[in-house]
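Going down the list, the protein sequences come from chains G and L.
This note's numbering numbers the first residue of the first sequence as 1161 and each following residue consecutively.
This note's numbering numbers the first residue of the second sequence as 1161 and each following residue consecutively.
Yeah, the Cβ is synthetic: ideal placement off N, Cα and C, and Gly gets one too.
One structure below.
2 protein chains.
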Amino acid sequence: MPRRSAADAALTRASIIDRSVAVASVEGLEGLTIGRLATDLDMSKAGVIGHFGTKEELQLAALSAARAVYKREVWDRAAAVAPEPGRKRLLAIADAWMSYLARDVFPGGCFITAASCEFDDRPGRVREAIRAQHEEWLRVLAREAQAAIAAGDLPRGTRADDVAFTMNAIAMGTNQARHLAQDPDAPSRGWRAMRTLLHAPRARRRFA
Amino acid sequence: MPRRSAADAALTRASIIDRSVAVASVEGLEGLTIGRLATDLDMSKAGVIGHFGTKEELQLAALSAARAVYKREVWDRAAAVAPEPGRKRLLAIADAWMSYLARDVFPGGCFITAASCEFDDRPGRVREAIRAQHEEWLRVLAREAQAAIAAGDLPRGTRADDVAFTMNAIAMGTNQARHLAQDPDAPSRGWRAMRTLLHAPRARRRFA
DNA sequence: CCTACCGATCGGTAGG
DNA sequence: CCTACCGATCGGTAGG
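Dropping the structure here:
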């Protein structure tokens, strides 16, 4: 029984994180258990937790992996379509965001929203990591909104941080409509709300 | 050791539910444990669970109690201020809603939002109860919006269910801003977003 | 409403 | 990466 190579170990670690993200998007980061992961991955519990040391480290690793997925699926997609800051890019972000929800990138819906609801009143490292991620994302949105305001593409008196706040709120509502109410039209509804917020014409848009 | 009277039993039951709502608003409905309640209430676990039979029944009882609080703090307050359906009452609802969040009626923030995030992908009776409550509330909001539209108080082409959707989204975002980001101005921000949505002038408003 | 108890599972460790 | 194990806690029950 030789120890496996460092490369093999890294692959195992990645597979544990992948599975953790999927499970936690449905069961929550606390509902994620080492025993459940061990069963799913045909490993021993010690083999699972050995890669992380504690459950909290595993939760932080899952959160970080989810963040990378989120960035790729929302920000990178939008930035590729709209390379300049401003209202066009906000609309591209809204589009990519609704598409991300429509495609069920995480089986239990938006991982970040779920983690945020679960930890918003539980002090600790996990909560601080979620908070830092969330605030960074709101700053990105506000920066875009500021460019749109400077270009005269949003009504005078509009506050950039209010636009960021409401876009995030609409995404949370869309996630809820899709998962709790199981409304297949949730992303279209969210899209309409985003366009109204951004004062864009109400072009119809189908998400799948 | 005589058995206590039915009235005493009802009081005990009510105290268990009260405590359950408070604990679950922070720890979640699954994080709520019978042992924790027993410790908090200086009772035995059997004494706690005996009133409900199963944890699921306890969760349903807590949800129902939270719904009553929510109705009293948001709907009843708004209806007292604005007896007629329409935009004025939507503004009164927005005001009561932000006040409910500002006053931290539940220690862990909006119980319904937390429960919704936690159960939105977990089939079962709890999820169906949350869903039914949520959809009923959205219908109430849409009915108000429909009256506002009929009275010409919202722009032509506005959809009543979209107004309900976005109001709910703004409340979710406000709850997140208050608890995750610990932003004391979250209710004021939510209030601004509600007024923008409802095309009302941006009167300043302090919440506490 | 209590004591006493059940099997299952939790996160985590020792040692290899 | 495994087996074997730890104390703690889980939801729930029997019996009074």
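- The C-beta of L:R1349 comes closer than 8 Å to at least one C-beta of chain G.
- Spatial neighbours of L:T1318 in its own chain (CB-CB distance under 7 Å, excluding positions within 5 residues in sequence) are listed in chain order as I1309.
- Per DSSP, reduced to three states, the secondary structure at L:Q1342 is coil, with no helix or strand assignment.
- Residue environment for G:E1244: exposed (fewer than 16 other C-beta atoms within 10 angstroms of its C-beta).
- A check of alpha carbon separations from G:L1201 across G:G1333, G:R1285, G:A1174 identifies G:A1174 as the nearest.
- Secondary structure of G:S1204 (DSSP, three-state): coil.
- With respect to the 8 Å criterion, L:F1279 and L:A1182 are not classified as neighbours on the basis of their beta carbons.
- A residue is called buried once 16 or more other Cβ atoms fall within 10 Å of its Cβ, and G:L1223 is buried on that count.
- At a cut-off of 4 residues, the continuous stretches assigned as alpha helix (DSSP H) that sit fully inside the segment 1218 to 1258 of chain L are 1237 to 1241.
- Contact check for L:A1353 against G:D1321 fails: the beta carbons are separated by 8 Å or more.
- Taking a C-beta distance under 8 Å as the contact criterion, G:L1298 and G:A1324 qualify as a contact pair.
- With a threshold of 16 other beta carbon atoms within 10 Å, L:D1264 falls short and is exposed.
- L:V1323 sits in a helix when the DSSP states are folded into three classes.
- The beta carbon of G:S1259 does not come within 8 Å of any beta carbon belonging to chain L, so the residue lies off that interface.
- Look at the beta carbons and you see the segment 1205 to 1223 of chain L not touching the segment 1249 to 1263 of chain L: under three pairs across the two are nearer than 8 Å.
- Boundaries of the alpha helix (DSSP H) harbouring G:H1294: 1285 to 1310, taken from the DSSP string.
- By the Cβ rule, the segment 1323 to 1337 of chain G counts as touching the segment 1348 to 1365 of chain G, because three or more pairs are nearer than 8 Å.
- 8 Å or more divides the Cβ of G:A1346 from the Cβ of G:A1360.
- DSSP places G:D1168 in the helix class (H, G or I) of the three-state scheme.
- The straight-line gap separating the alpha-carbon atoms of L:V1286 and G:A1184 is approximately 19 Å.
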